[in-house]
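J.:
Residue numbers (the numbering used here), protein chains in the order written: chain A, 1 to 215; chain B, 1 to 240.
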């Protein structure tokens, strides 16, 4: 039986269509931003910095627990993007995931370099580096572009069992390796691997269905 | 020698960088010859691309945005300058003339000046962005020695920064200076010192480690009062 005019299904299809159109507009805007970055348009760089910095700082600070180190890493990330930006078809398809990946990798590099230095210093009896107390971020739902994506990803993480959440936080957001997580939690290495495998498998499934955010 | 199953099993660990150093090196070597693993790792990275956004955003400290722009543009410029100098030297050898090279040095100076201007423009854009995005604009009249001026705050609620404009004030009396304050729920927190004369505009973040910011005030302070609570006359205050 045909649904009456103005039914829920119509409205649903209508809203899906609007969402699709909005998504296309966002993608087109991001493509334009990428083109301008490639053309060395400094205003495009300003726009990118404006939108992405709070999210990149969040990643760097979660890992490094140090304002100055985090800012260095974020600055290097923007420089990397500015120097290596390529057409969308030539590799990285979206700007924000690219930025997030670069800032995370650079943070892990710096973190592991710091840990190696700490081990060397400890071996000669010099006291270890002590992290700054970085105040927690002030969430601002209305203000931050990308907040919807944050809410969805955060909810996906919250759906995991508590022990898997902890393992993911230590691995992904604090940059610890398997053995470091095992030592931190006092559990066998195999258990850490199992928890992470289950958690990431589930997250991959959930996150694959997310509405992506175009800059 | 690891079996291919081991690499299949540890693809996600490699993509998320939780493998130990030795295992990472083993994986790196394997990837050089395994197209299937490279493709799968790229897919895993793509699927987990948004995971870092589970963290709540962090408001940048004042001036950080400007420093990023400066850092990025200066890097690009220095590379450009190195390339230019190398070209200039090669040309000077070929043409056996120093005049061209001297011209190149002039261009370098010009290039440095351009970068400086770009940084200033970025700073101005930063200021304008705050004004443009300001969720609140607060204004208070200030009267001092018969002159009427004002204190205006453009509050950007996205980055938690304010653009503060003070104008119309006479030069501070001898031995005094103008001082901007944050009114917080746990007391007054010292902000920027206001220069002695002329219209002033500055960008400020919220004070670190203090309580909730409820407003701002402008006072005239003894010139040697550099810490502690306000001691001088209040000229204006604004509440959020």
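Using N, Cα and C, we set each Cβ at its ideal position, and we do this for glycine too.
When we look at the beta-carbon of residue 80/B and count the other beta-carbons within 10 Å, is it buried (16 or more) or exposed?
T.: Any reading at residue 80/B needs caution, since the residue's pLDDT is 48, under 50, leaving its predicted position unreliable; the model's value is listed next. Answer is exposed; the Cβ neighbour count stays below 16.
J.: In terms of DSSP beta bridges, what is residue 178/B paired with?
T.: Paired residue(s): 194/B, 220/B.
J.: Once DSSP output is grouped into helix, strand and coil, what is the label at residue 84/A?
T.: DSSP places residue 84/A in helix when its eight states are reduced to three.
J.: Please determine whether the Cβ atom of residue 201/A lies at a distance below 6 Å from any heavy atom of the ligand ADP.
T.: What this structure holds is no ligand at all, so the ligand ADP is not there to describe.
J.: Suppose you measure from the CA of residue 216/A to the CA of residue 223/B; what does that come to, to the nearest Å?
T.: Residue 216/A is absent from the model: chain A starts at 1 and stops at 215.
J.: Excluding the 5 residues flanking residue 19/B on each side, which residues of the same chain have their C-beta closer than 6 Å to its C-beta?
T.: These residues qualify, in order along the chain: 13.
J.: Would you mind working out which of 55/B, 231/B, 29/B, 52/B sits nearest residue 189/B, comparing C-alpha positions?
T.: The shortest C-alpha separation from residue 189/B is found at 231/B.
J.: Name the one or two DSSP bridge partners that residue 141/B has.
T.: Answer is 150/B.
J.: With distances taken between CB atoms, is the gap from residue 184/B to residue 213/B smaller than 7 Å?
T.: Yes.
J.: Can you find the residues in the same chain that come closer than 8 Å, C-beta to C-beta, to residue 53/B, ignoring five residues on each side of it along the sequence?
T.: Taken in chain order, the list of residues that qualify is empty.
J.: Looking at the structure shown, is residue 53/B part of a helix, part of a strand, or coil, going by DSSP?
T.: Helix at residue 53/B.
J.: Is residue 136/B helix, strand or coil by DSSP?
T.: Three-state result, residue 136/B: strand.
J.: Are the C-beta of residue 65/A and some C-beta of chain B separated by less than 7 Å?
T.: Output row for residue 65/A: interface = no.
J.: Can you pull the chain B residues whose beta carbon is under 9 Å from the beta carbon of residue 108/A, in chain order?
T.: Ordered by position in chain B, the residues that pass the 9 Å Cβ test against residue 108/A are 17.
J.: With 16 other CB atoms within 10 Å as the buried threshold, where does residue 70/B fall?
T.: With 16 or more Cβ atoms within 10 Å of its Cβ, residue 70/B is classed as buried.
J.: Per DSSP, what kind of secondary structure is residue 43/B in: helix, strand or coil?
T.: Of the three classes helix, strand and coil, the one that applies to residue 43/B here is helix, per DSSP.
J.: For the alpha helix (DSSP H) containing residue 63/A, name the first residue and the last one.
T.: Segment 42-64, the alpha helix (DSSP H) holding residue 63/A.
J.: Which residues of chain B have a Cβ atom closer than 7 Å to the Cβ of residue 190/A, listed in chain order?
T.: Within chain B, no residue comes near residue 190/A; the closest Cβ sits about 12 Å away, beyond 7 Å.
J.: With a threshold of 16 other CB atoms inside 10 Å of the CB of residue 205/A, please say whether the residue is buried or exposed.
T.: Exposed: under 16 other Cβ atoms inside 10 Å.
J.: What does a CB cutoff of less than 8 Å around residue 17/B pick up in its chain, not counting 5 residues either side in sequence?
T.: Result list for residue 17/B: 24, in chain order.
J.: Let me check understanding here. Comparing Cα to Cα, which of 186/B, 57/B, 179/B, 208/B lies closest to residue 202/B?
T.: Nearest C-alpha to residue 202/B: 179/B.
J.: Is there a Cβ from chain A that is less than 7 Å from the Cβ of residue 47/B?
T.: Yes, residue 47/B lies at the interface with chain A (some Cβ there is under 7 Å from its Cβ).
J.: If you draw a straight line from the C-alpha of residue 6/B to the C-alpha of residue 146/A, how long is it?
T.: The alpha-carbon atoms of residue 6/B and residue 146/A are separated by roughly 37 Å.
J.: Cβ atoms of residue 40/B and residue 11/B: under 7 Å apart, would you say?
T.: Their beta carbons are under 7 Å apart, which means residue 11/B touches residue 40/B by this criterion.
J.: Could you pull out every unbroken alpha helix (DSSP H) segment of at least 4 residues lying fully inside the region 5-39 of chain B, listed in chain order?
T.: Qualifying alpha helix (DSSP H) stretches, in chain order: 11-15, 21-31.
J.: Name the DSSP beta bridge partners of residue 164/A, please?
T.: Residue 164/A pairs with nothing; no bridge assigned.
J.: For residue 162/B, I'd like the list of residues in its chain whose CB is within less than 6 Å of its CB, leaving aside the five on either flank, ordered along the chain.
T.: If we look at residue 162/B and ignore the five residues flanking it on each side, its Cβ neighbours are 153, 155, 204.
J.: Starting from residue 227/B, follow its DSSP beta bridges and name the residues at the other end.
T.: Paired residues: none, contrary to the question.
J.: Apart from the five residues on each side of it in sequence, which residues of its chain come closer than 6 Å, Cβ to Cβ, to residue 207/B?
T.: Here the set comprises 182, 189.
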